[in-house]
Structures are given as C-alpha cells and as structure tokens.
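Chains as they are written, first to last, in the working numbering: chain A, 1 to 663; chain B, 1 to 663. Cβ coordinates follow ideal geometry from the N, Cα and C atoms, glycine included. None of the values given here were measured: they were computed from a predicted structure. Worksheet: the structure to be examined is printed underneath.
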C-alpha cells in the first residue's frame, strides 16, 4: 500500500461527462468548453476544495480550473479546448484545512468563545502554506502566521486570521499531499468547427458534363462550384471516384446484365485500372482531382470522399490479397449475399482474415493517400458491415497525425450499432431523420440525440434524401414537402446535407410504388440535370443556408428545445447560442398539403425572455416581423407559399424609455 | 497486438448490473439469481451466440449460462449464486458461423437455389466442430459432415444439414477462438439471507434489571429473550457494551456535568477498565456475553454489536496511540467539536494519522475479537464520520474469512454519502424512512431505493425510531401513529428495526418541544420499562412479524410497487415473491387521527391477476376477507382500531367448475 493512501479522505465519483466508464472519449470542437461535474465528499464536515485537471495529450503539464459546489455534494467546473486532438481531464479534491478552520473560527467568535489556541492552530496552517509557497508569498504568509501568534492583542490576531487577502494567499498553495484524484483520466476529442457545423451537397461528378452521354470529369465538376456555393454549401461530397468493375456490372435501374455503354455503380470499386487509390479514368487524373480540391477551396467548399471498403471481382486486391476474401469450396471467391439475394459484382472483405494486420495497414494507407491529395473529409460507406475494431484503430491512427480529419458514418442500421460507431471515433453520423416525419417521432428522436448522454459523442448529420433513399414523404408531398424537409434538416441539425441536384429539382419518382429507390437512379447511369428549371429550389436553399451562417444558434445542436403547439401538424422548436444572444424559433407545418393554424406555447424562460416583456419575432425566411408578448402566440403556415417560419427573436424593443427626455 | 485481436468482430457493451463501471460489487443473498443484460452485436448480419460466465472467487473454473436475445441487440441471461462470498461474472459472445450458415441455407432452399456448394461449406463447419469435440460426439459430427458432402442425393444431404440434433451438437462445441469477452469481470457479493430479511430490536442491556437503580447485566438481558422472541424479532442489537469514560461524562438528559451516580453514554467508549475489546464491568464478563449469544440462539435471535469508532479521554488508545489523535498547540488532545458546540467527552480519531496502518489493523482486530466471541452482525455508528477507505478495506478483509458477517451502516447523512457507504461494502443501511411520512415522500423515496440501480447495492433497514430520534409523527400521533409506522417499516422494508421498549410502549415525550431527543433519554440513564403495561403494542408487533415470516413477498424489496389511490392519506403498495405465488397488498391510513376512505386502483397485471377474474383479499392483520374483482376497490381505515390492511391476495377462488360433475 502507498504510504499515504490510507490518509486520503475524499471520495470522487459520478464524474460526467463520461462514456461507458471512460472507455470512449467525448467530443467537442475547438473553442468549446467542457463542463465537468462530479460527486465529491469526505467523511465528517470538513470543507473541501476541488479542481478540474486537464491537458492536451501532447502536453505533459496539467492545467487546472477550480470547481464549485452545486447541490447535494455535486461539484462543477469547466475548461476550454483550444487545440485539435485529444485532451485528458480528471478531477482532484482535498480537505481544505485552512478554510475549515477559518469557518469554525467565525462560529467560535460568534459564540464569543476564547480563540487563542485556535489562532495558534490557524497560524500553523498558514505556516505550512508558507512552506509550500516560494518567494514573496512565502514571506507574506510567514508574516501572517507570526501576527496570528504574536499580534498585539487577541483582536489584532483575529483580524489577521480573518483577512481575506491572507485566505486567498493560503488557498493559492493548497496541500495536495492527501488529495484524491479520480481514478480515470477521461478523454475529449477536439475536432475543428466543421465537425459541428457543415452543409453538405452530394454530387456525382460524372453527371457534370451537361451533355447527354458524355462522362463528366473533375473539371466539369469544378464548373458546378459557383452554383453549389451560391446555395451556401460548404462540403461537396463525391460518391467513390475509383475505377468501376466490369464483371457482373449492373445496368440501368440495377438490372443484372449491363450493356457495353452502362457506366456501372461507383460503389463497385476496382478494375484493372486500379482500386481504392486510383481514379476512374473518365473523371480525369490525380492532378485534375487536386485542381478540383483547390478550386473548391476558392469557393469555401471542401471535398468529401467516399470510403467504401469493398471490392469488385476485378479489384487488384483480389489478385494481390486473395487471403482477404472468403474462398468457397469450389475455389471461387465468395461474393456478397443476403440470401436469397446475390450481389456477384461485390466481393466483401473477410475481416476475420488471419492477415488482418496487412488489411488494416492497407486501409490506413488508402486514407493517407487521399490525405496527401488534399482530402480532409471522409464519408464512410456502410461502416457497420465492416469490423468495428478496425474503425476505432484506423480513425485513431489517422487523427493522431491529422486531427483535422472528419469522418462521417453512413450507417443506417440499429440504434446501438449507430451509437457504437460514433463512440469508436466517427465525427458525424447519418441518422433516422430521413424517416422521421411526424411531430411525435421528430420530437422523441431529437430529444434522444440532444438531451441525453448521446449528445456527448454522436453528432447527427441530417439527410432528407440520398441516392439510395427517396423517402415516401418526398415522393408524395411535392415541392412543399421538399421545402419542409429542407427546413427541418437545416435547422434541427447543425450538420445536414442533400443529394443534389435531385433534391433541389424536387425529383420524386420512385423506381416503383413502395420503393425508396429513385427511378433511373444516378447510381447506375449518367444524368443531365436541368438546374435552370424554374422548379429549382436553389433560392430557398440559399436563403436557409444563409440564415444558418448568420445565426450561431443554428450552428449547434445541444441547445435544441421543443415547444408545445396545439396542432399536431405544427412542430415548434428553438435553438440558441450559449449566451442566449442569438435565439431562433422554428415553426414547421408538417402537412405538405394543407394550411395549418394553431397556437405555439414558448418556454420563454429557456429563451431568456421575461414572461411580460414584449419581443419581436422576425421571420428570416419571409422577412415578416411579429410583435409578440407572452408564451402563447398564433401561427399560420401555408404549404405552397410558406411552409415554415424561422424566427429570430429580438428581445430589445424600443420604448419611450429609450428617449433621453423620458426621465 | 494479440495475433487474433483484429479478427474478433463482436462488441459487448452496456453490461448490467454494473456499479460505477464495475468499481463496486452488486449484492445478492444466497440462492438468488443475478440477471445480466448486455448490448451485443457485430458488423454485418451474422448470427451471434452469447454466454454468461460466472464463478465463485475461490473457484478458478468459469461456469456458463446461455444468453438469449431480447430486443434491439439486448441480450439477457442469469445465474444463481449458491455460496457466500464473491462471485465474478462477465459476458462472452461470438459469431455463430454454423447457425448463420443454416439460416441462410433455409432461405436459399425457399428460393429454390442450388445449394450443393453451400452444403460443402456447411460440412466444413461441422467438421471443425468435430475437431473441437471429443469422444463419440466427434464421430457423430464427422459422420454428419460426411453425409452432407457425400449423401446419396441432394435431398438426403440437405436433410442431414437441417437436422436439429446435428445443430444442437454443433452448438455444443462453439468456436470460441474469435470470441469477444467483456473487458471487465464484475463482482457480486453474496450474503446470507439475513442480509435481506431481518427484524431488529434495539435494547440497552443495562436497563434490563427491572429494578430501579440496578445496572442490568447480560444475564438480565437474557431474561428478555422470550419477550423479544414472542414479538418475532430475530436480531437483538445492543448499544456499545464497553467501559464508559469518566472524564467529562454527561449526566441525565445530556447535561454537561454528571453526578457520581450517572452511568454515562454507552457511546463514550473507553475507561481505565479498557476500550473496544473490553466489556463494561456492570454488564458482566466475556463469559456472560457468550452466554447471552448462546441463549439468544436458542430463541432464533442473533446479537448485533455496535461499532463506534471513537474514544473518551480515558480510552487506552489515548495513552497507547496518541499519534491517532490530533494534538492542539497547548499540548492537549483535540476533543470533538461542531463549532460552537464542544464534545469534550469524545476524542475523535484522526484518520489522516501517519500511523494509519496500525489504526486500520486495530479496527480489524476489534472486529475479529468480537467474531471470536460469536458476534456475526455489526451495526456501525456514524460510519460517515470515519474514513471511507477504511471501511472498504476492513469490511473486505473481514468478509474474506467470514462472508457471513453483516454490517449495518448507521449513517443519517446526505444521500450520496449514504449510497457510497453501501457501495463500499455495508450489507444494510439506515434510511430517511424515519422522516418520510407523506404519500408523496414515501412513494418517491422507495421508488428511488427499489426501482433504480441503487437497489443493486443498497439494502434499506427501516427504523421508525432510534435512541437518538423520536420523530415528530410519533410525538403527536399517539398509539395509531406507532401502529402506522410499524406497519410501514415492516412491509416497505424487508429489513427493519425498532428501538424498544420505548417503541412498543409508545413512549413519545420529547426532551423539549421541537426536539427529536427523548425526554430522560436512555442514552444517559438506566430505565425500568413496564412491558406489562396494557398500552404495549407487543401483540400487534408479533402479528406483523409473523405475517412477515409467513409471506416471502415481504422478505424482499425489489418487487415493491405502488398503486394509485384517490385519497392522498391512503398509501397502497404491493410486494410479491418472484414467481407471484405470494402477493401482498398493503394499504395504510397515513392519518393517525381520522378515519379515511377511498378507492385503490391496483395494477392487476403486475400482481399476476386477470382484469376480469375475481380474487380474495385476505387481511392478515384483521382476519377479514374481501371478494374483489377488477382494479378499483374500496377501503376504509380507522386509526384506533385498524390503521392498515395487509392483504394477501388469493387468486384461486372456488367456482362451480371445481365440482367433478360440472362438465
């Protein structure tokens, strides 16, 4: 046993935030604070002092921040993260002998007891602080101790003992000798701000030529940048850009046999032209790709690449690493199946391969290759069908050298699996938003995401559509449905994205009734998009994205709060900046067909509003301004013209008191 | 990296029960089951198998119990604990290749696909099971594999492949090679049944002589055993039995100066006659103490001793171990204080002493000394004013050799401190029950104790009074108040106790108005109790304790459930045995003054009752039987005669269908 371990008396437990007993880090972005709470107490009634310790992983020195008692033995403190990477944090607490003594002294004086011996005890405590202090402070403390012992009178000695400056000085040199430190060092991963606030646009570069039948290139794609930027997106996500397999290539609308002119699915990766480190020849060269990245940067747009860890039969890995695949007794390699369905164009990797170390290194080298080309954002395709342990390892490794990299997990699967992937290191995650349409469903789900411990590690990225998913709501609701879903995605989520131009052109024809696949899906053919069409929602989208940029409230999810409405088709929620200087209230008509009216009932206190103070609700979508007072307010939303309000609340209204001559 | 660690694909998380990430054990009593749940999943869609592993700490071999899937990736299993001490448990899971393959095979057959290659794959899996099996099973498996490969026809091969017996055999030899084991081994402390179900009676042996002014002895105390047993108590708890200090001894009613005849407080431990290992000469000898223990055993009663870790100025420790106390600058030892109050008769131990190892060993030796005399239950006085770490260590040490020992924590302090003491190892704990009188307060508190994770480690022991606490409810409510509080304590808590004979004699005079101290408290003087008085509640108490003994439902707390009533002064709750064969419904009139009537609304499903089936509510207190049907039932309770019902529900009512000739 450690020589002092039996002398420590303070207990620290219930430290929050803490994911799975500290097994996984929490997440923050640069500049945010981490608020830490803990239950801290000792035997008896002595006063305690507590500090929060934190340090960047690359820095050996702990920094500290004081913790204050809240209620019921709960203490809290906070620290700000200012560098990317990993911070460690923990909590330390100790019996504060001097403060205990000083509090007791005051009680004794109130009871008019003789405190002469007590002053000697206190002087001893000040003396030991002097031993811990250096320089002038040590001298000042020693002098204080001396005066407490030898002052001219009991009054003089007492007055020194109760001197606030002395107390402050003593507390600067605490006795950590018997301090308890929480048994774990917890981790927070600090990402750059884009991990929290981003607007994604998914585009197939091969459809960018604008000419029927001509395969689009990266340079064609670069021509779309002004259009994408004009809508206000800052991430351009490209489906896989690699050579596409020939064997068992799928034709248009996913038919089993392709014709010679069929381009195949970008997710069928690998041909004799190369695999995950190669570029589809039709798209251009590595140089063209770097040009696209550079050009995008000029427009404030980052390129996100798709990491789809699977191979076609033509992929070089199949030749070079047959041991990474399962072999069937007939000598063939096992293709992908979900019996009775067969996907002969895909060879899934066998993550149980004995040669997994080489496989893991190869995936890492793929990511490093694209990092070298300038990519800093990866959208990972179906990560839940690949080894969880692999993701934890590879994301950890990549972020060691490149903490600025963002990983988006495209996992539409069971809730615990999705949350686990986020814990393992994915910076952002796809969500069930795509299928949440009713007030109850949206409220329940977003409360789960933003009001529980899930918020500490899972950053939602909301997509109203993807190339795989044209949800029923969009199929049937027409243009208003697209507007509704856009507003919901862009305001419920500080991270969101659309698959365009299918989205802004309100493309809504499914492969067949009941299917969520697009008819003539871009996954299997080149498209020419008529973005000049008058049905294009680009101006509406631009307006919404510009509201997002101008309002810090919409750049974070943790302040999301739902407010009651008396109409089940009206959804009302708010977001606010931490200091409540920017407060946004959104009201959405979930009915894409009918005008809906009703009363919303705002929780004014949470919005920093006084129940009797009038305030202005300024609709940033329509420009309308409403003078409201009190929590209950009337709204009316018409699908075709205005399916939603995005109000900025302005608290400060001018009154007669603003005039100089009022008084 | 371990050579296989990258090949494992299963994730195990959210294992419950688990206290503070496994830092503390959960608690059970012998014969109980531990139900374990965990979130378990892997990448992809393969079938998983999971097992619960458990073993007694003294046994190196893991035992196993299968786990079944519940919903949403949650699995559950259970094991029974059958020996005292510590059990370890953890969870293991693996991809079940054969079951995955077999499920897929059925889908392929349904789709009329050619399965000849698949049968070869399956045969390979059966073959590897054969390699893991031994003896006849290996041969049977090999034969199965052979027939799957070489059977007479595809139909014959398929039929072997789908044979249930073969599947069962394969699953008996799982492939654990790539199994994931949960990273922690969790602990359950198994106590004897008395830790869960006990009825305590606190008695000052020095008041047992029956003659004014004569100090009672252990032999006098033994004469009380028939009386105590007749009321149905099975633990007799004695305040400290050690020599009492002389210096600064307190007089009657805690006055500061004692007279020569004052006996002092038993909690002022230590005189020249000895300390924590000595017996107060007035009580008798060690031999007398052993006699009391033996005699009590004849009545089915165990003696519980009080461990009060503090000393008077006369205690031998003060001489022998001055370093265990704080010294003041005037050379005196620091007495106990809560400024401005001074307790000069008590020297608190300084748990920060540098010589803590000797102190810890001494406390351990005190417990061992009384274990040698036959004590097996300790009630620890104010454990929250002593070092937490000391309790964890000493309880752990004692229970290593004596797992049957029960420790009750007498901590009336802040909630987190009380819960921490339970986590550290105390088998039972005092509670806030003493001050919880209203329906809302009782409901909230007992839900917290029995429906949250707290139930895994905190065993409530309910006391309506103690020598320190005569609660206001008892002071003002007269005899009905005592009956109400007795019924509540004895039925809300499977562990409860009273400080007698003050309780059964309805002693209710406080030291002064507003005080919870007894007037002429037994803590400071000898008493003569008139237990023959007609106001003695002994028959009522005997009845309640006999109901507790006869009804397993009342011997556990985890099944406690509150039911709605339409009268805020009527409290209704139920307890049931695990199999619902014994169901008790208690209705209490919380108003000690007025008759209260109302309707209770039973949650029938939780009681195993059909909403339309009539049942009998048999009041075990009054003997009355009510024929009830449906959830809403009328009750009427009169404080003086019947302040509570303790119903046993009898589901099976005789009907005409019970007659042989009915059909």
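| Cβ-based burial, residue 48 of chain B [other Cβ within 10 Å; buried from 16] | buried
| message | Against chain B, with Cβ distances strictly below 7 Å, would residue 117 of chain A count as a contact? | response | yes
| task | State the start and end residues of the unbroken alpha helix (DSSP H) segment that holds residue 638 of chain B. | result | No alpha helix (DSSP H) holds residue 638 of chain B; DSSP gives it neither H nor E.
| Selection from A:355, A:341, A:336 and A:104 that minimises the alpha carbon distance to residue 347 of chain A | A:336
| message | Strictly under 7 Å for the Cβ-Cβ distance: is residue 502 of chain B near chain E by that measure? | response | The structure shown contains no chain E; the protein chains it does contain are A and B.
| task | Can you have a look at residue 622 of chain A and say buried or exposed, based on whether 16 or more other CB atoms are within 10 angstroms of its CB? | result | exposed
| field | Status (buried if at least 16 other CB within 10 Å, exposed otherwise) for residue 461 of chain B | value | buried
| task | Could you have a look at residue 462 of chain B and say whether DSSP puts it in helix, strand or coil? | result | strand
| Rounded to a whole number of angstroms, what is the C-alpha to C-alpha distance between residue 439 of chain B and residue 580 of chain B? | 25 Å
| query | Can the beta-carbon of residue 480 of chain B be found closer than 7 Å to that of residue 643 of chain B? | reply | yes
| Cα-Cα separation, residue 429 of chain A to residue 492 of chain A | 14 Å
| Between residue 178 of chain A and residue 167 of chain A, what straight-line distance do the alpha-carbon atoms span, to the nearest angstrom? | 20 Å
| query | Whose C-beta lies closer than 7 Å to the C-beta of residue 402 of chain A among residues of the same chain, with five residues either side of it excluded? | reply | 371
| message | Let's test the definition: count the other Cβ atoms within 10 Å of the Cβ of residue 117 of chain A and tell me whether it reaches 16, buried, or not, exposed. | response | exposed
| query | Should residue 616 of chain A and residue 627 of chain A be called a contact, given that it needs their Cβ atoms to be closer than 7 Å? | reply | yes
| query | Given residue 716 of chain A, which residues of its chain have a CB within under 6 Å of its CB, disregarding the five upstream and five downstream residues? | reply | The requested residue 716 of chain A is not part of the displayed model; chain A covers only 1 to 663.
| field | Any non-hydrogen atom of the ligand GDP within 6 Å of residue 4 of chain A CB | value | For the structure depicted, the ligand GDP is absent and the ligand set is empty, with no information on it obtainable.
| said: Our contact map puts residue 590 of chain A next to residue 484 of chain A with C-beta atoms below 8 Å; I'd like the distance itself, whole angstroms only. | reply: 7 Å
| chain B contact for residue 41 of chain A (CB, 7 Å cutoff) | yes
| query | Using the rule of at least 16 other Cβ atoms within 10 Å of the residue's Cβ for burial, across every protein chain shown, is residue 111 of chain A buried or exposed? | reply | exposed
| message | Just to make sure I have the definition right: I need the residues of chain A whose C-beta is within less than 9 Å of the C-beta of residue 120 of chain B. Which are they? | response | 328, 329 and 330
| task | Mind listing the chain A neighbours of residue 386 of chain B? Cutoff is C-beta to C-beta under 9 Å, in chain order. | result | 43 and 44
| request: Determine the DSSP secondary structure at residue 109 of chain B, reduced to helix, strand or coil. | output: helix
| Strand pairing of residue 407 of chain B, partner residues [DSSP] | B:378
| query | Three-state secondary structure (DSSP) at residue 1 of chain A? | reply | For residue 1 of chain A, the pLDDT reaches just 48, beneath the cut-off of 50, and the residue's location in the model is therefore unreliable, although a value from the coordinates is still provided. Here residue 1 of chain A sits in coil by DSSP.
| Which residue spans inside the segment 466–510 of chain B form an unbroken alpha helix (DSSP H) run of at least 4? | 472–492
| request: Give the straight-line distance between the Cα atoms of residue 634 of chain B and residue 556 of chain B, rounded to the nearest whole angstrom. | output: 27 Å
| Just to confirm, are residue 314 of chain A and residue 247 of chain A a CB contact at a threshold of 7 Å? | yes
| said: What does DSSP give as the partner residue(s) for residue 599 of chain B in the beta ladder? | reply: B:634
| Neighbouring residues, chain B, relative to residue 107 of chain A (Cβ below 7 Å) | 339 and 340
| task | Determine the direct distance from the alpha carbon of residue 17 of chain A to that of residue 203 of chain A, and round the result to whole angstroms. | result | 38 Å
| said: Need the endpoints of the alpha helix (DSSP H) that residue 291 of chain A sits in, please. | reply: 286–298
| message | Distance check for residue 304 of chain A and residue 310 of chain A, CA to CA, integer angstroms please. | response | 18 Å
| For residue 341 of chain A and residue 120 of chain B, the rounded distance between their alpha carbons | 20 Å
| query | Okay, do the segment 282–295 of chain B and the segment 347–357 of chain B touch, 3+ Cβ pairs below 8 Å being the bar? | reply | no
| beta strand (DSSP E) containing residue 576 of chain B: first to last residue? | 570–576
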